[in-house]
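Engineer: This is the structure I want to talk about, given as structure tokens.
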Amino acid sequence: MAGHHRVLRGTFRRQIRTLLEGPIKRWKAGPFEFENEWGKAREQVGQSVPTRAALASHDDGPDDLDDLLDLAEKAPVPAILAAYQAAVAGIDGAQTASIPKLSPALVELGWIDPKTDDALAGLVTLRNLAAHGPATEGRRAREYIILSEAVLYALSQSKGARRGQTDDAR
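With numbering that gives the first Met the number 0 as the guide, the letters of the sequence shown map in order to residues 0 to 169.
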């Protein structure tokens with residue numbers, strides 16, 4: 000009996016060590032299974048998605064939109080994540096994790112209207128579905144990018160209105 004125990008223990012050690020040494024390739028959460036080759040995904044994101052600082056430094060012209068729409072065909076999820084980062088960068092001092100907590104406060108302060116708050120909540124939900132859900136199509140990624148551009152426009156209008164209020168108060 001002791002010999003069998005050692006064999007089983009040795010077998011499981013190797014399996015556990017093998018599982019822990021390699022990258023995660025498959026997750027199962029409830030009825031859903033998500034497969035992803037993390038090495039390829041990291042490489043794809045690193046090559047395809049501009050950094051948050053780069054997105055914030057670019058103007059919101061059609062070139063950025065065209066680049067994201069082109070990226071949506073090749074890599075839908077990184078395109079969605081880049082569009083989300085651009086929308087987050089449109090909120091002064093915002094961090095990705097704080098959007099659900101931050102946007103109601105912005106509505107209360109009058110910096111954004113409730114429709115923009117709803118749009119931000121939608122962006123967060125859609126971003127999470129794209130990042131953690133089943134494979135996303137290029138068409139859906141393009142729709143998300145266009146929605147994020149609309150949110151950026153609404154945010155820019157809110158900033159302009161705030162600047163006007165600030166200038167009037169002086």
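Cβ coordinates follow ideal geometry from the N, Cα and C atoms, glycine included.
Computed from a predicted model, the values in this text were never measured in an experiment.
Determine the contact status of Ser147 and Ala86, defining contact as a CB-CB distance below 7 angstroms.
Structural biologist: Between Ser147 and Ala86, the C-beta gap is smaller than 7 angstroms, which places the two residues in contact.
Engineer: Ignore the nearest five residues each way along the sequence and tell me which others in Tyr152's own chain have a CB closer than 7 angstroms to its CB.
Structural biologist: none
Engineer: Starting from the C-beta of Val150, find all residues in its chain whose C-beta is less than 8 angstroms away, skip the five residues before and the five after it, and write them out in chain order.
Structural biologist: Excluding residues within five positions, the ones whose Cβ falls inside 8 angstroms are Ala86, Gly89, Thr115, Ala118, Leu119 and Leu122.
Engineer: By a C-beta neighbour count over all protein chains shown, 10 Å radius and 16 as the cutoff for buried, is Glu32 buried or exposed?
Structural biologist: Because the pLDDT at Glu32 is just 47, under 50, the model does not fix this residue reliably, and the point stays unresolved.
Engineer: Just tell me which of Pro75, Leu70, Trp110 and Tyr143 has its CA closest to the CA of Thr124.
Structural biologist: Just measuring C-alpha positions, the residue of Pro75, Leu70, Trp110 and Tyr143 sitting nearest Thr124 is Tyr143.
Engineer: Going by alpha carbons, who is nearest to Gly137 out of Ala104, Leu70 and Ser102?
Structural biologist: Scanning Ala104, Leu70 and Ser102 for the CA closest to the CA of Gly137 turns up Leu70.
Engineer: Which stretch, first to last residue, makes up the alpha helix (DSSP H) that contains Gly121?
Structural biologist: Pro113 to His131
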